[in-house]
Structures are given as C-alpha cells and as structure tokens.
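Enquirer: Counting from -15, one number per residue, gives the positions in the sequence shown under the numbering used here.
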Amino acid sequence: MTEEEPLQVDSHMKKWKVPPSLSFVSGCVERYSFSNWQSGNDDSVYYNLNISSFFKTKLVMPTPPTSTLERNIKPDLLNLTFFDQSTGADTVPLKEYLCGPKQVQAMMMMHKGKVVFEIFPGMNTNDMHMWMSAAKTSVGLLCVLLWEDGKLDFDKPIGTYVPDLVRGTAWENIPVKHIMNMCSGLDIEENFENLVNPNSFISKFFTSAFEEGKGSFREILKTAKPLPGIKSGQVFQYSSTNTMLLVIMIEEITQIPYEQFFKQRVWSKIGAKYPFLIGLAPDHTPMGAGFNVTTPEDFLRYATIFTPMWNVVSKEKIVSDKALKCIQEMGDPACYKGSTERGYGFRWFGEYPEKNTAQWDHAFPDGAMFKHGNMGQGIYVDPKRDFCGVYFGLASNDENITGADKSPGFMRAAAKLLAGEKMAL
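(1) From Phe194 to Gly404, what does the alpha carbon distance come to, in whole angstroms?
(2) Alpha carbon to alpha carbon, how far is Gly387 from Phe354?
(3) With a 10 Å radius around its C-beta and 16 neighbouring C-beta atoms as the bar for buried, classify His268 as buried or exposed.
(4) Going along the chain, which residues of its own chain have a beta-carbon closer than 6 Å to the beta-carbon of Leu402, five neighbours each way excluded?
(5) Identify, in the order they occur along the chain, each residue of the same chain with its Cβ nearer than 8 Å to the Cβ of His162, setting aside the five sequence neighbours on each side.
(6) Please determine, among Gly263, Thr324, Ala347 and Cys372, the residue with the shortest C-alpha to C-alpha distance to Tyr31.
(7) For Gly357, which option in Ala273, Val2 and Trp155 has the closest C-alpha, if you only look at C-alpha atoms?
(8) If you follow the alpha helix (DSSP H) that Gln248 is in, where does it begin and where does it stop?
(9) Can you check whether the CB of Arg202 is closer than 8 Å to the CB of Leu149?
(10) Quick check: the Cα distance between Thr144 and His113, rounded to an integer number of angstroms?
(11) Can you tell me the Cβ-Cβ gap for Ser(-5) and Leu78, rounded? I've got them flagged as a contact below 8 Å.
(12) Between which two residues does the alpha helix (DSSP H) harbouring Gly377 extend?
(13) Which residues does DSSP pair with Tyr364 in a beta bridge?
(14) Less than 8 Å between the CB atoms is what I'm expecting for Met107 and Trp0, so what's the real figure, rounded?
(15) Taking just the CA atoms, how far does Thr191 sit from Glu177?
(16) Quick check on Ala408: buried or exposed, where buried means 16 or more other Cβ atoms within 10 Å of its Cβ?
(17) Quick one: what does DSSP say Glu54 is sitting in, helix, strand or coil?
(18) Indicate the three-state DSSP secondary structure (helix, strand or coil) for Leu409 in the structure shown.
(19) Going by the DSSP bridge assignment, what does Leu43 pair with across the sheet?
(20) Confirm, please, whether the CB-CB distance from Tyr320 to Asn340 is below 8 Å.
(21) For Glu173, does the count of other Cβ atoms within 10 angstroms reach 16, so buried, or fall short, so exposed?
(22) What's the call for Gly134, buried or exposed, on a 16-neighbour Cβ count within 10 Å?
(23) Might you give, ordered along the chain, the residues of its own chain that have their beta carbon closer than 6 Å to the beta carbon of Val374, omitting 5 neighbours on each side?
(24) Please give the ranges of any alpha helix (DSSP H) in the segment 53 to 83, keeping only runs that are unbroken, at least 4 residues long and fully inside the region.
(25) DSSP has Lys339 in a bridge; who is on the other side?
(26) Taking DSSP as the reference, what is the three-state secondary structure of His113?
(27) Under the rule that 16 or more other beta-carbon atoms within 10 Å means buried, what is Thr71, buried or exposed?
(28) Considering only the beta carbon of each residue, do Phe138 and Val123 sit closer than 8 Å?
(29) Find the nearest neighbour of Met164 within the set Asp171, Ser223 and Ile214, judged by alpha-carbon distance.
(30) Can you check DSSP and say which residues form a bridge with Glu102?
(31) Looking only at its chain, what residues have a beta carbon closer than 7 Å to the beta carbon of Val128, apart from the 5 residues adjacent to it on each side?
(32) Going by the C-beta, is Asn157 closer than 7 Å to any heavy atom of the ligand MN?
(33) Mind checking which residues open and close the beta strand (DSSP E) that includes Asn276?
(34) One question on the structure: do Phe371 and Thr291 come within less than 8 Å of each other, judged by their Cβ atoms?
(35) Going along the chain, which residues of its own chain have a beta-carbon closer than 8 Å to the beta-carbon of Asp171, five neighbours each way excluded?
(36) Does DSSP classify Pro212 as helix, strand or coil?
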C-alpha cells in the first residue's frame, strides 16, 4: 500500500461496493416508506446511496478545473483510540470501530493540505451519498455570507425577510440569530419521542415535506406554538424546521433558487469533481436541512473551506476570518447546557463540547466545530489544528442497538494527534 491508496478494513459493508441484485432493488423500491428509510436496514442503505430514485432532485454541475487533493495516508491512524469520559475507558481502535454496528461507509481526514486518512468500508470512492443534517452547515454558511454582504441582520426578526410566510404566526418576531442557533422557543423539537408521535408538530412537518399529497410543509410551519414559559434565545432545541425557514429566507433575499446561490458562492469555487444534488420537497423547495448529496471527496473539499488549507481547493477565501468568527461565536453556552444535543456530544466525543452555533451541533472552546447527520454522517472542522474530516454511514439512530457514534471523537482525536498533542496510539 502506498501513501496515495485508500486504507482497507474487512467490513461486512463491503457488499455495497458491487451492484445489488435486480430482485433486491425491485423489492427495495416496493418496500419504500419513510419508516423503512429510517430503519438502518439494507433497504435504508440503498436509499441513501440512490436518493435521486426516490425524491425529486436538482443537479448542480461542477465547475472546472477540478482541485487536486494530495495524499499522505497515515496507516497508523487505524490504531487510534481515545479516552471516552462517557464510559470511563479507552475506545476500541478505529480499525475495529469501522467494522462495527455503526456501519461506516466512508471516512476521510485532511491535515495541512493533504489527505491523511481515506477509507471506504461500504461504498465506492465515486458513489454519491446523502449528507443528511450535515447539510445544515451550508445553510448557516450562506446566511453568514449574506450577513457579510450587508443583506441580512441577525438581530432583526425573521418576519423582516419572509413577511408573507410568518405574518401572524409565532415565528414573526423571533430574531434570525435565534433561528440560526435553534433556540426559537417554539414547540418544534426534533427528538425520538416527537418523531414517533404522528400528532406532534415535527412528525406532521416531516410528513408534509417528504411525502406527496400530505399537505404543505409551509402551512404546517405556520402552526408552531410557543413553549410554555420559554422565550426565544433561552433553550437549544434541535429542529430542521428552523433550517428550512432559513432556506426560504435565503431565496427571498437573493431572489434565486437556493442551490444556485450555493453554487455561486461555494460549489463553483472548490474544484468539485462530481455534481452536487439536492432533494426537493413536494412543492420543489430545496431541502437544505438535509438533502445534500455528493461523493465523500467533494464533501471533504467543502470542509476545507473552514480551515487555513482552503487554498488547496479554491483561489478565493470563501469563508473569511470575519465569517468564520461569526459562525464560531454566534452560539450561547447557556442555551446549550442541559440540551439533548449536549448529551449526544458527550457520548460522541467522550468530552463535553461548549455550545452549538450557527447550525453546527457542537463547538469547542478551541474553535473546532462538528455537525452530525441522521443515521451516521458528519463533518468536523478544526481551524486551529488545520484539520477537517467527513464521514458517511448508515445505521439505526437507536444507541441501544448500534451504540454511540464515535466517528466524531476519532476525528477530533486524530486532529490532536497530528497537531502534536499527546495522544496514545
């Protein structure tokens, strides 16, 4: 194995590197439902690798030339472990974790301008996969770029920018900043209890956003109610509803489709090798809250723009120092404390992050940030250590079945190790 070849592990997910049988594909199509998609079974894996067969999508072509990502693969990272405060013990080695129940399909890490870790246990290098909620970082970034352009004021209420949609609703006077930080003060939380309750707001919202003939997600959005005794800006409660409202706001401000603005400001400038797909709601609204679809390497190209090695993929500094600082500092630790996501962060990293911020789930005092995606996707950026990493996977969200997602912790541990901080291999 050379320094330029992807690493290998013997995962049961390797079966997804060859085409599935026609009978499986036919049965998979017949069995499609939202609940089956979310199950983490083999059908679910197929859906995430072939999402354009099940949802309307828009295609954004790459803009030449393709940026070159040099390799300096470090096989010793397969032996990486880290101390997990949530269990009081070291994790298993990364090579063992990659073959476990979280069903990791791809993982790539980059440090100081070179790819240092690259592995594809359950997909091919040029297969396309959903980012799931890791896509929310793109929405947050575009909002910050509009702020930097002077076209968006985070302290103004959302009604300033989408008056026709939110007039007379509980959303109308909520500052954009609170929607960016997912502390709207509304009863819209996206947690397991609410997702399995068909009468909950979030269940109705997703049903209307994902399925034809089940109403308008925009109309459902209007029905959100305030949480008793809670004001916006006080409590972090995760919800894709916030993100979809920001997508609508971006389109209202720019007066062009969301994916075209993303192309103008980001995708056309990173030397992407393959197209970018985004899924659409029944009314053709781009579902920027989770439906970005790319190859792993293009996902990594995107991640680099938040780090000092941005010039490996772009001639232009897409995320300025001012924009990055805005993203890193927008969140409020007081809102994050006691949140469901803080508990996730502790189990994923083995340490407590400080806060959430600007559509990122977790941010640390050292400036590193992470965004998770449903069923096991993620993006970790660590500007201080000149490091970034991405991964795709497909497993049930039920930690009683598949355990906690440790991929974020492994990437943070790798960043520290490569930066020369004392870590044990």
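Each residue gets a CB set at the ideal place from its N, CA and C atoms; glycine is no exception.
Nothing here was measured: the structure is a model prediction, and the numbers come from that model.
Expert: Looking at the coordinates:
(1) The residue labelled residue 194 in the question sits at position 210 within the sequence shown. The residue labelled residue 404 in the question sits at position 420 within the sequence shown. Computed Cα separation, rounded: 46 Å.
(2) Locating residue 387 in the sequence shown gives position 403, where the first residue counts as 1. Locating residue 354 in the sequence shown gives position 370, where the first residue counts as 1. Rounded to the nearest angstrom, the two C-alpha atoms are 19 Å apart.
(3) To locate residue 268, count along the sequence shown from 1; it is residue 284. Under this definition His268 is an exposed residue.
(4) Here residue 402 refers to the residue found at position 418 when the sequence shown is read from its first residue. Correct list, in chain order: His95.
(5) Counting from one through the sequence shown, the residue named residue 162 turns up at place 178. Here the set comprises Ser168, Gly169, Ser216 and Gly217.
(6) Mapped onto the sequence shown, residue 31 falls at position 47. For Tyr31, the nearest C-alpha among the options comes from Gly263.
(7) Mapped onto the sequence shown, residue 357 falls at position 373. The candidate whose alpha carbon is nearest that of Gly357 is Ala273.
(8) Here residue 248 refers to the residue found at position 264 when the sequence shown is read from its first residue. That run of the alpha helix (DSSP H) goes Tyr242 to Arg249.
(9) Translated into positions along the sequence shown, residue 149 becomes position 165. Translated into positions along the sequence shown, residue 202 becomes position 218. Taking 8 Å as the Cβ cut-off, Leu149 and Arg202 qualify as a contacting pair.
(10) Translated into positions along the sequence shown, residue 144 becomes position 160. Translated into positions along the sequence shown, residue 113 becomes position 129. The alpha-carbon atoms of Thr144 and His113 are separated by roughly 36 Å.
(11) Taking the first residue of the sequence shown as 1, we reach residue -5 at position 11. Taking the first residue of the sequence shown as 1, we reach residue 78 at position 94. Contact doesn't hold; Cβ gap of about 12 Å is too wide.
(12) Along the sequence shown, one-based indexing puts residue 377 at 393. That residue, Gly377, is in no alpha helix (DSSP H); its beta strand (DSSP E) goes Phe371 to Gly377.
(13) The sequence position of residue 364 within the sequence shown is 380, counting from 1. In the DSSP output, where bridge partners are listed per residue, Tyr364 has Phe354 and Gly373.
(14) By 1-based counting over the sequence shown, the position of residue 107 is 123. By 1-based counting over the sequence shown, the position of residue 0 is 16. Indeed they touch by this definition, with Cβ atoms about 6 Å apart.
(15) Working through the sequence shown from its first residue, we reach residue 177 at position 193. Working through the sequence shown from its first residue, we reach residue 191 at position 207. Going from the Cα of Glu177 to the Cα of Thr191 covers about 16 Å.
(16) As a working mapping, residue 408 is identified with position 424 in the sequence shown. Here the model assigns Ala408 a pLDDT of 43, short of 50, so the residue's position is not dependable, and the following value carries that caveat. Exposed, since its Cβ has fewer than 16 Cβ neighbours within 10 Å.
(17) The count along the sequence shown starts at 1 and reaches residue 54 at position 70. Note: Glu54 maps to strand in three-state DSSP.
(18) As a working mapping, residue 409 is identified with position 425 in the sequence shown. Confidence in Leu409 is poor, its pLDDT being 42 and thus under 50, which makes the residue's placement unreliable; the coordinate value appears in the next sentence. Residue state, collapsed to three classes: coil.
(19) The residue labelled residue 43 in the question sits at position 59 within the sequence shown. Beta-bridge pairing links Leu43 to Leu261.
(20) Walking along the sequence shown from the start, residue 340 turns up at place 356. Walking along the sequence shown from the start, residue 320 turns up at place 336. Yes, the Cβ-Cβ distance between Asn340 and Tyr320 is below 8 Å.
(21) To locate residue 173, count along the sequence shown from 1; it is residue 189. Classification for Glu173: buried.
(22) As a position in the sequence shown, residue 134 is number 150, starting the count at 1. Result: exposed.
(23) As a working mapping, residue 374 is identified with position 390 in the sequence shown. Taken in chain order, the residues that qualify are Met92, Phe283, Leu284, Ala287 and Ile363.
(24) 78 to 81
(25) As a first step, residue 339 is located in the sequence shown; it is residue number 355 there, counting from the start. According to DSSP, which records beta bridges pairwise, Lys339 is partnered with Ala347.
(26) Indexing the sequence shown from 1 puts residue 113 at position 129. Strand, per DSSP.
(27) Residue mapping note: residue 71 aligns to position 87 of the sequence shown, counting from 1. Under this definition Thr71 is an exposed residue.
(28) By one-based count along the sequence shown, residue 138 stands at place 154. By one-based count along the sequence shown, residue 123 stands at place 139. Contact: no.
(29) Locating residue 164 in the sequence shown gives position 180, where the first residue counts as 1. Closest by alpha carbon: Ser223.
(30) As a first step, residue 102 is located in the sequence shown; it is residue number 118 there, counting from the start. In the DSSP output, where bridge partners are listed per residue, Glu102 has Met92.
(31) For the purposes of this step, residue 128 is identified with residue 144 of the sequence shown, where counting begins at 1. Around Val128: Ala307, Cys310, Ile311 and Ala342.
(32) What this structure holds is no ligand at all, so the ligand MN is not there to describe.
(33) Your numbering for residue 276 matches position 292 in the sequence shown. From DSSP, the beta strand (DSSP E) with Asn276 extends over Asn276 to Thr278.
(34) For the purposes of this step, residue 371 is identified with residue 387 of the sequence shown, where counting begins at 1. For the purposes of this step, residue 291 is identified with residue 307 of the sequence shown, where counting begins at 1. Contact flag set, yes.
(35) On the sequence shown, residue 171 is found 187 positions in, with the first residue counted as 1. Phe185, Ala208, Lys209, Pro210 and Leu211.
(36) Here residue 212 refers to the residue found at position 228 when the sequence shown is read from its first residue. Correct three-state label for Pro212: coil.
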